[in-house]
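Everything below concerns the one structure shown next.
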Amino acid sequence: MLTGCGRGEVDALIQRSRTAGVSRWITIGTSLEDWELYRGLAATYKDVHWTVGLHPGSVDETWEDQVKTIASYFATDPVPVAMGEVGLDFFHLSKYPDEAAETRRLQQQAFRAQLGLAYQLDCPLVVHSRGAFRECVQMIDDSGVDWRRVVFHCFTEGPEEIQMLIDRGGYASFTGILTYRNADKIRAAAKLQGLERLILETDAPYLSPEPVRGTTNESAHLRHLAEFCAQLFNVPLTEVARASIRSTRNLFFGEQ
Ligand SMILES: [Zn+2]
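The sequence shown begins at 60 in our numbering and counts up one residue at a time.
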């Protein structure tokens, strides 16, 4: 994700990223506050694409008006390549049961509405799920959205959960967490999904991979994650690049 705001900063980010072997980007929308920014980046830079979606953490009582705006973006140029991040986040709920229930209700309403829109538009879907994996799967099942165009981003579940995505034809994508010492369960999930369906992402500015863990994440750091995957799958780095680029293109652009 391109998080620099000034033109010079973005140019520098892109340059560092190219040097590290990353040459095409998808900036992921989360709220009214960043959609225009990412649309502007996609309009300015040829190899930058963007997505639009109301993140569960950004859902409030005004979600309905915001979702209407999302629909209108799909009629503009450059057109978003996916809807996202959308989903459910039950990790950051209020400690007061009434408030927590209300947040859950609003998130479910906003997610259901966006699933309906994704179904109509037949667009790819970037799902954010935290503490709500099975609920998200169920709601996507109910929506009729084509699972082959669905990715659960920043996958932090285990083999049992990834099998549910595999069975439906969906994808999981992985961040720097995959390189962390205590992530055996997530590595097992990545191996179960397999090299041919591997998708890598930054989730920048968060979750820098080892050995730059703890620093501000940026696209250039994706190389560390790819190098880690070369070891994990016991293949050359070029194979990781080939497979993950192919899966990403397949998901977002329908390319084989
Ligand atoms: Zn997310």
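Ideal Cβ placement from N, Cα and C applies to all residues, glycine included.
beta-carbon residue i near ligand 1 non-hydrogen atom, thresh 8 Å
i      : result
Asp262 : yes
Glu144 : yes
His283 : no
His114 : yes
Cys213 : yes
His187 : yes
Minimum C-alpha distance to residue i - residue among the options
i      : options                        : result
Asn293 : Leu174, Lys250, Trp94, Glu216  : Lys250
Asn241 : Leu180, Phe133, Thr215         : Thr215
Leu291 : Glu277, Trp84, Phe233, Thr261  : Phe233
Val209 : Cys195, Ala191, Val186, Glu220 : Val186
Gly88  : Lys105, Tyr230, Thr297, Tyr132 : Tyr132
Arg207 : Ile73, Thr103, Leu310          : Leu310
Leu113 : Leu176, Ala169, Leu96, Gly217  : Ala169
Val196 : Pro264, Gln222, Pro137         : Gln222
Ser303 : Phe312, Pro295, Glu314, Leu259 : Leu259
Glu123 : Ser90, Phe312, Arg66           : Ser90
Rounded straight-line distance, which links the Cα of residue j to that of residue i
i      : j      : result
Arg227 : Tyr178 : 16 Å
Glu144 : Arg256 : 20 Å
Trp84  : Thr238 : 21 Å
Ala130 : Ile245 : 34 Å
Thr162 : Glu286 : 39 Å
Met60  : Ala101 : Residue confidence for Met60 is low, a pLDDT of 44 falling below 50, so the modelled location carries little weight and cannot support an answer.
Ala289 : Gly253 : 12 Å
Ile225 : Phe211 : 11 Å
Pro295 : Leu176 : 40 Å
Asp200 : Gly229 : 11 Å
Phe312 : Cys213 : 20 Å
Glu298 : Glu68  : 31 Å
Sequence-distant residues of the same chain with beta carbon closer than 6 Å to residue i, five excluded per side
i      : result
Asp148 : Pro115, Gly116, Arg189
Glu220 : Phe192
Ala79  : Ala279, Arg282
Other residues of its chain near residue i: CB distance less than 8 Å, five sequence neighbours each side excluded
i      : result
Gly235 : Thr261, Asp262, Leu266, Ser267, Pro268, Glu269, Arg272, Asn276, His280, His283, Leu284
Val126 : Leu113, Ala169, Ala172, Gln173, Leu176
Glu120 : Leu165
Arg15  : Not covered by the structure: residue 15. The range shown for the chain is 60 to 315.
Assumed close pair residue i, residue j - CB separation to whole angstroms, cut-off 8 Å
i      : j      : result
Ser34  : Val81  : Residue 34 cannot be examined here, being either before or after the span of the chain that is shown, 60 to 315.
Pro139 : Val111 : 4 Å
Tyr97  : Ile73  : Contact doesn't hold; Cβ gap of about 14 Å is too wide.
Ser202 : Leu174 : 4 Å
Other residues of its chain near residue i: CB distance less than 7 Å, five sequence neighbours each side excluded
i      : result
Arg171 : Met198
Glu314 : Arg308
Val118 : Leu165, Gln166, Ala169
Val204 : Leu174, Ala177, Tyr178, Leu184
Any C-beta of chain B under 9 Å from that of residue i
i      : result
Asn276 : Annotation note: the requested chain B is absent from the structure, which comprises a single protein chain.
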